[in-house]
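Quick note, the sequences are listed as chains A and B, same order.
For the first sequence, this note's numbering begins at 1 and goes up steadily by one.
For the second sequence, this note's numbering begins at 432 and goes up steadily by one.
All C-beta atoms in this analysis are idealised placements derived from N, C-alpha and C, irrespective of residue type, glycine included.
For clarity, every value in this text was computed on a predicted model and none was experimentally measured.
Right, one structure below, let's go through it.
Protein chains: 2
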Amino acid sequence: MKIINTNDANFKEEFENILARAKTDIKEVSSIVTSIIDEIVENGNSALKKHIEKFDKWEVKEDSQLQISKDDMKKAYENIDEKLKEALHIAYNRIKTYHEKQLPKSWIDFEKNGTILGQKVTPVDRAGLYIPGGKAAYPSSLLMNAIPAIVAGVEEIVVCTPTPNNEVNELLLAACHICGIEKAYKVGGASAVAAMAYGTETIPKVDVITGPGNIFVATAKKLVFGEVHIDMIAGPSEIGILADSSAKPKYLAIDLLSQAEHDEMASSIMITIDEEVAKQTSIEVENYLQTLSREEIARKSIEDRGAIIVASSMDEAIELMNEIAPEHLEVMTTNAFELLPKIKHAGAIFLGENTPEPIGDYIAGPNHTLPTGSTAKFYSPLNVENFLKKSSIINFSKQAIDELGEACALLADTEGLTAHAKSVRVRLEDN
Amino acid sequence: MKIINTNDANFKEEFENILARAKTDIKEVSSIVTSIIDEIVENGNSALKKHIEKFDKWEVKEDSQLQISKDDMKKAYENIDEKLKEALHIAYNRIKTYHEKQLPKSWIDFEKNGTILGQKVTPVDRAGLYIPGGKAAYPSSLLMNAIPAIVAGVEEIVVCTPTPNNEVNELLLAACHICGIEKAYKVGGASAVAAMAYGTETIPKVDVITGPGNIFVATAKKLVFGEVHIDMIAGPSEIGILADSSAKPKYLAIDLLSQAEHDEMASSIMITIDEEVAKQTSIEVENYLQTLSREEIARKSIEDRGAIIVASSMDEAIELMNEIAPEHLEVMTTNAFELLPKIKHAGAIFLGENTPEPIGDYIAGPNHTLPTGSTAKFYSPLNVENFLKKSSIINFSKQAIDELGEACALLADTEGLTAHAKSVRVRLEDN
């Protein structure tokens with residue numbers, strides 16, 4: 001694995017390349033995705049069926065075949081291995097407990113003059129979850145997207161997942177059963193996003209669409225934003241690791257590889273202040289690579305997009321990491337907690353040597369749907385707020401409008417809005 | 432003003448029309464805005480200058496002329512009328528107090544097995560506020576956009592506003608002074624949004640862009656979403672009023688007009704259960720219309736997009752209003768508070784006869800930047816969270832990974848991710 005040093009003459013350039021690589025350019029597929037969306041808006045189910053035949057290679061004879069039955073979910077759940085069932089329940093419960101702590105309350109506040117101000121928190125009516133399917137079916141994605149919606153109190157949750165050759169992953173079905181999903185559909189890609197954004201004869205129009213997906217799904221989410229809300233536009237997975245001399249190279253290596261194995265486009269970057277740790281980790285990466293079932297993918301990712309950076313101080317290391325704003329950040333130092341105040345941008349932060357990133361993918365509790373490509377500078381992990389929205393509450397008493405009304409009308413006057421001013425003054429005249 | 436009844440044979444159709452009218456179609460301007468954004472990305476300041484010459488009709492001779500000086504802000508503040516100054520300070524303080532109540536705290540939580548989970552809340556580094564300028568310069572918009580960013584703790588706030596003929600509204604300058612704005616630029620429209628999203632030689636790249644604007648600004652915000660975060664895509668202003676027989680028609684009428692005067696495309700809809708209130712309000716609207724400085728705009732809005740609906744029950748009225756999901760909702764009934772549980776979708780809710788909507792525009796405290804066109808079904812009012820983002824915190828102890836690691840590795844196995852599983856098991860082997 002490539003090792004570079006912040007003192008290298010061309011370091012700045014190398015680092016700019018690392019940052020640039022993380023960006024996803026959705027322009028290239030925009031026109032294809034736009035026409036897919038237009039087709040769904042115009043032709044609804046019949047367009048969906050056409051896309052399923054083309055991409056998933058099976059023929060939908062009746063609309064009812066689009067839906068996955070609750071019975072199939074139940075059967076799948078009953079058939080899975082007990083150990084796995086237990087693991088899914090542990091994950092479900094821990095994820096639920098964590099997200100319950102995120103739930104904001106409506107609040108209200110009173111002033112002496114009789115003014116009442118507040119904020120009402122309400123779940124959206126309908127949420128649409130996009131869950132990748134086929135070979136890369138991730139039941140954990142279903143848990144991570146459905147549970148925040150359930151905790152938020154969303155009444156109707158819609159799931160869409162592609163089913164190549166009309167096959168649904170059994171574990172995904174089992175996870176749907178555990179989450180009590182009522183409405184799941186065998187629709188994938190940009191078509192699924194369009195169907196949930198605009199509705200078809202079978203698939204309900206939702207208010208919010210969340211969930212991971214390839215560049216077509218990400219682009220569709222961007223294009224329907226405004227018609228519905230979305231969580232974020234996410235690209236390939238990333239890990240950043242901050243390490244000092246106390247970090248164990250074999251842990252660092254396998255953790256770097258845990259993201260590299262996702263995708264050739266995944267990015268694994270370690271910044272360390274210890275040159276020896278850098279060297280040893282690079283050696284361990286090569287050792288582990290040869291043992292992986294997804295060696296080819298991981299190797300390409302590490303070669304094209306991986307890097308170990310040797311920094312001259314932990315402050316410099318953190319500054320660079322804040323620029324990267326990685327999806328996952330592991331802090332493998334003796335004083336991991338004490339570095340938190342300086343860490344500004346990261347989707348999820350994993351502290352200490354017993355917290356490998358995969359712990360957060362499955363079982364810790366926090367969401368694994370996280371911002372990528374430096375967007376942790378402004379996006380948050382998927383959370384219950386993605387399924388809620390707020391309304392301001394304002395109640396003025398006679399006394400309150402008497403006290404504040406004229407200042408309000410004056411400001412309206414200066415903006416040339418006479419009806420605004422008058423609507424206040426007509427009350428003042430009556431009081 | 433047109434009165435329709437939910438019992439009318441064609442009511443459903445009429446109501447669908449009302450809902451459809453509220454939608455903004457940004458498709459028509461997308462290609463123009465795309466090329467404006469591309470120009471700014473390619474040519475930076477020189478493109479900005481070209482656009483200013485074209486749209487704002489003045490020549491920018493040097494880059495430094497793009498910036499509004501802090502001195503000009505101070506002078507403007509010193510020159511305004513004392514009453515108005517006081518009104519601005521009252522507004523500033525009340526808006527600040529309200530938004531401080533929205534500020535979420537980082538939190539952390541401990542488990543017996545040594546697990547630590549939490550959520551770190553961090554402000555974005557840079558926020559960009561778009562403030563409309565020229566004839567429709569609204570100093571209140573500056574307060575409403577800047578204060579949540581200030582409360583969130585954003586270190587660098589950038590303001591862009593168009594300056595036709597190189598003139599800046601004095602009150603907007605004064606409001607900038609009150610908010611302590613350091614970086615304000617004379618750039619408007621889609622160019623300003625593009626400049627803040629991608630940065631130019633003079634204008635810093637920001638992380639979040641908020642603020643109102645015309646269809647070009649709204650479209651630009653949608654197009655740069657993903658490169659930066661945005662608050663929402665907003666269209667013309669709206670008011671919905673729920674009224675029973677206790678409501679005063681003259682209040683209802685002037686409140687309907689307070690939105691109609693904003694824009695010919697603004698929408699003012701009242702739903703009442705009292706036919707007499709409907710009739711009297713319609714008469715009062717006509718009376719007031721003749722007194723307004725913006726009569727022409729307000730009349731066109733009321734005629735084309737206004738409606739009074741007579742419903743057969745308050746439940747039916749609320750159900751229809753939830754479908755509309757208005758930007759502003761006034762509840763003018765005897766039991767306004769008791770209706771709150773049933774009201775699901777509205778940007779801001781104004782309760783009782785002493786709370787006309789303009790109170791919320793200027794002085795009450797809650798934000799006046801609100802979702803329009805039914806998007807209150809999923810967007811929230813502008814708030815401090817728009818300027819914050821979260822990072823999950825995860826720390827596992829030896830005991831925690833011993834207890835939960837195997838369940839985690841098992842789930843990774845089923846998803847075919849061997850490096851994920853190995854990264855956990857290599858720790859278990861060591862423990």
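For F55 (chain A), which beta-bridge partners are listed by DSSP?
Here residue 55 (chain A) refers to the residue found at position 55 when the first sequence is read from its first residue. The secondary-structure analysis by DSSP pairs F55 (chain A) with nothing; it has no beta-bridge partner.
Is F442 (chain B) helix, strand or coil when you go by DSSP?
In the second sequence, residue 442 (chain B) corresponds to position 11, counting from 1. If DSSP states are grouped into helix, strand and coil, F442 (chain B) belongs with the helices.
Since A234 (chain A) contacts T372 (chain A) with CB under 8 Å, what's their CB separation in whole angstroms?
Here residue 234 (chain A) is taken as the residue at index 234 of the first sequence, counted from 1. Here residue 372 (chain A) is taken as the residue at index 372 of the first sequence, counted from 1. Taking C-beta atoms under 8 Å as the contact rule, A234 (chain A) and T372 (chain A) qualify, at a distance of about 5 Å.
May I ask you to verify whether the stretch 75 to 92 of chain A touches the stretch 835 to 847 of chain B, counting CB pairs closer than 8 Å and requiring at least 3?
Taking 8 Å as the limit for Cβ pairs, the verdict is that the stretch 835 to 847 of chain B does touch the stretch 75 to 92 of chain A.
In this structure, what does DSSP give as the bridge partners for V158 (chain A)?
Locating residue 158 (chain A) in the first sequence gives position 158, counting from the first residue. V158 (chain A) is bridged to A:G128 and A:K183.
Rounded to the nearest angstrom, what separates V464 (chain B) and I562 (chain B) at their Cα positions?
The residue labelled residue 464 (chain B) in the question sits at position 33 within the second sequence. The residue labelled residue 562 (chain B) in the question sits at position 131 within the second sequence. V464 (chain B) and I562 (chain B): Cα-Cα distance of roughly 18 Å.
Is it buried or exposed, Q259 (chain A), if we count other Cβ atoms within 10 angstroms and call 16 or more buried?
Mapped onto the first sequence, residue 259 (chain A) falls at position 259. So Q259 (chain A) counts as buried.
Tell me whether K222 (chain A) sits in a helix, a strand or coil according to DSSP, three-state version.
As a position in the first sequence, residue 222 (chain A) is number 222, starting the count at 1. In the three-state DSSP reduction, K222 (chain A) falls in the helix class (H, G or I).
Determine the chain A residues that contact Q721 (chain B) at a beta-carbon separation under 7 Å, and present them in chain order.
Along the second sequence, one-based indexing puts residue 721 (chain B) at 290. What Q721 (chain B) touches in chain A: nothing, since even the nearest Cβ is about 12 Å away.
Given a limit of 9 Å on CB to CB distance, which residues of the stretch 777 to 789 of chain B reach chain A?
Flagged, chain order: A777, G778, A779, I780, F781, L782, G783, E784, N785, T786, P787, E788 and P789.
Which residue from B:E784, B:V460 and B:L770 puts its Cα closest to that of Y682 (chain B)?
For the purposes of this step, residue 682 (chain B) is taken as residue 251 along the second sequence, with counting starting at 1. The option with the nearest alpha carbon to Y682 (chain B) is B:E784.
For H693 (chain B), report the span of its alpha helix (DSSP H) as first-last.
Residue 693 (chain B) sits at position 262 when you count from the first residue of the second sequence. No alpha helix (DSSP H) holds H693 (chain B); DSSP gives it neither H nor E.
Counting C-beta neighbours from all protein chains within 10 Å, is the total for A190 (chain A) 16 or more, i.e. buried, or is it exposed?
Here residue 190 (chain A) is taken as the residue at index 190 of the first sequence, counted from 1. By the 10 Å Cβ count, A190 (chain A) comes out buried.
Where does T806 (chain B) sit, in a helix, a strand or coil, going by DSSP?
On the second sequence, position 375 is the one that residue 806 (chain B) refers to. Helix, per DSSP.
Look at the Cβ atom of V206 (chain A), then the Cβ atom of G153 (chain A), and state whether they are nearer than 7 Å.
For the purposes of this step, residue 206 (chain A) is taken as the residue at position 206 of the first sequence. For the purposes of this step, residue 153 (chain A) is taken as the residue at position 153 of the first sequence. In this structure, V206 (chain A) keeps its C-beta atom at 7 Å or more from the C-beta atom of G153 (chain A).
I want to see whether chain B comes within less than 7 Å of T202 (chain A), judged by CB atoms only; does it?
Taking the first residue of the first sequence as 1, we reach residue 202 (chain A) at position 202. For T202 (chain A), the nearest beta carbon of chain B is not closer than 7 Å to its own beta carbon.
Beta carbon proximity, H368 (chain A) to chain B, threshold 7 Å:
Residue mapping note: residue 368 (chain A) aligns to position 368 of the first sequence, counting from 1. At a cut-off of 7 Å between C-beta atoms, H368 (chain A) does not count as an interface residue with respect to chain B.
Contact criterion: CB-CB distance below 7 Å. Does I609 (chain B) meet it with respect to chain A?
For this step, residue 609 (chain B) is matched to residue 178 along the second sequence. No, its Cβ sits nowhere closer than 7 Å to a Cβ of chain A.
Mapping DSSP to helix, strand and coil, what is P554 (chain B)?
As a position in the second sequence, residue 554 (chain B) is number 123, starting the count at 1. Residue state for P554 (chain B) is assigned as strand, using DSSP reduced to three classes.
In its own chain, which residues sit with a C-beta less than 7 Å from the C-beta of E669 (chain B), not counting the 5 before and 5 after it?
As a position in the second sequence, residue 669 (chain B) is number 238, starting the count at 1. For E669 (chain B), where only same-chain residues beyond five positions count, the Cβ hits under 7 Å are A453, Q690, A697, S698, P757, E758, H759 and T803.
Is there at least one non-hydrogen atom of the ligand GDP closer than 6 Å to the beta-carbon of Y288 (chain A)?
For the structure depicted, the ligand GDP is absent and the ligand set is empty, with no information on it obtainable.
Residues near K221 (chain A) in its chain [Cβ-Cβ closer than 7 Å; skip 5 each side]
As a working note, residue 221 (chain A) is residue 221 in the first sequence. So the qualifying residues of the chain are V193, I209, I230 and I233.
Could you name the residues of the stretch 476 to 489 of chain B whose beta carbon sits closer than 8 Å to any beta carbon of chain A, in the order they occur along the chain?
Cβ contacts with chain A: none found.
Run through DSSP, which three-state label would T210 (chain A) get?
Taking the first residue of the first sequence as position 1, residue 210 (chain A) is located at position 210. Residue state, collapsed to three classes: strand.
Relative to the C-alpha of G657 (chain B), which residue among A:I3, A:T6 and A:K27 is closest?
Position 226 of the second sequence, counted from the first residue, corresponds to residue 657 (chain B). Checking every option, the nearest Cα to that of G657 (chain B) belongs to A:K27.
Buried/exposed call for Q550 (chain B), threshold 16 Cβ in 10 Å
To locate residue 550 (chain B), count along the second sequence from 1; it is residue 119. So Q550 (chain B) ends up on the buried side.
Taking 8 Å as the limit between beta carbons, can you name the residues of its chain near E170 (chain A), skipping five residues before and five after?
Residue mapping note: residue 170 (chain A) aligns to position 170 of the first sequence, counting from 1. Once the five neighbours on either side are set aside, the close Cβ partners of E170 (chain A) are A76, N79 and I80.
Exposed or buried, what is N814 (chain B) when buried is set at 16 or more other beta-carbons lying within 10 Å of its beta-carbon?
For the purposes of this step, residue 814 (chain B) is taken as the residue at position 383 of the second sequence. N814 (chain B) comes out buried.
Which residues in chain A have a C-beta closer than 9 Å to the C-beta of I449 (chain B)? List them in chain order.
Indexing the second sequence from 1 puts residue 449 (chain B) at position 18. Simply none; closest approach about 18 Å.
Once DSSP output is grouped into helix, strand and coil, what is the label at E761 (chain B)?
In the second sequence, residue 761 (chain B) corresponds to position 330, counting from 1. E761 (chain B): strand per DSSP, three-state reduction.
Please confirm whether A729 (chain B) and A777 (chain B) have their CB atoms less than 7 Å apart.
Start at 1 with the first residue of the second sequence, and residue 729 (chain B) comes out as number 298. Start at 1 with the first residue of the second sequence, and residue 777 (chain B) comes out as number 346. No, the pair does not count as a contact, with Cβ atoms beyond the cut-off.
What does the Cβ neighbour count give for G180 (chain A), buried or exposed, with the cut at 16 atoms within 10 Å?
Within the first sequence, numbered from 1, the residue matching residue 180 (chain A) stands at position 180. So G180 (chain A) ends up on the exposed side.
Secondary structure of Q67 (chain A), DSSP reduced to three states
The sequence position of residue 67 (chain A) within the first sequence is 67, counting from 1. The answer is strand: DSSP assigns Q67 (chain A) an E or B state.
Taking Cβ positions, are Y793 (chain B) and S571 (chain B) nearer each other than 7 Å?
The residue given as residue 793 (chain B) occupies position 362 in the second sequence. The residue given as residue 571 (chain B) occupies position 140 in the second sequence. Taking a C-beta distance under 7 Å as the contact criterion, Y793 (chain B) and S571 (chain B) qualify as a contact pair.
Give the secondary structure of F396 (chain A) by DSSP, where H, G and I count as helix, E and B as strand, and everything else as coil.
The residue labelled residue 396 (chain A) in the question sits at position 396 within the first sequence. F396 (chain A): coil per DSSP, three-state reduction.
Measuring only between beta-carbons, confirm whether T219 (chain A) sits less than 7 Å from chain B.
Residue numbering aside, residue 219 (chain A) sits at position 219 when the first sequence is read from its first letter. By the rule that beta-carbons nearer than 7 Å mark a contact, T219 (chain A) does not touch chain B.
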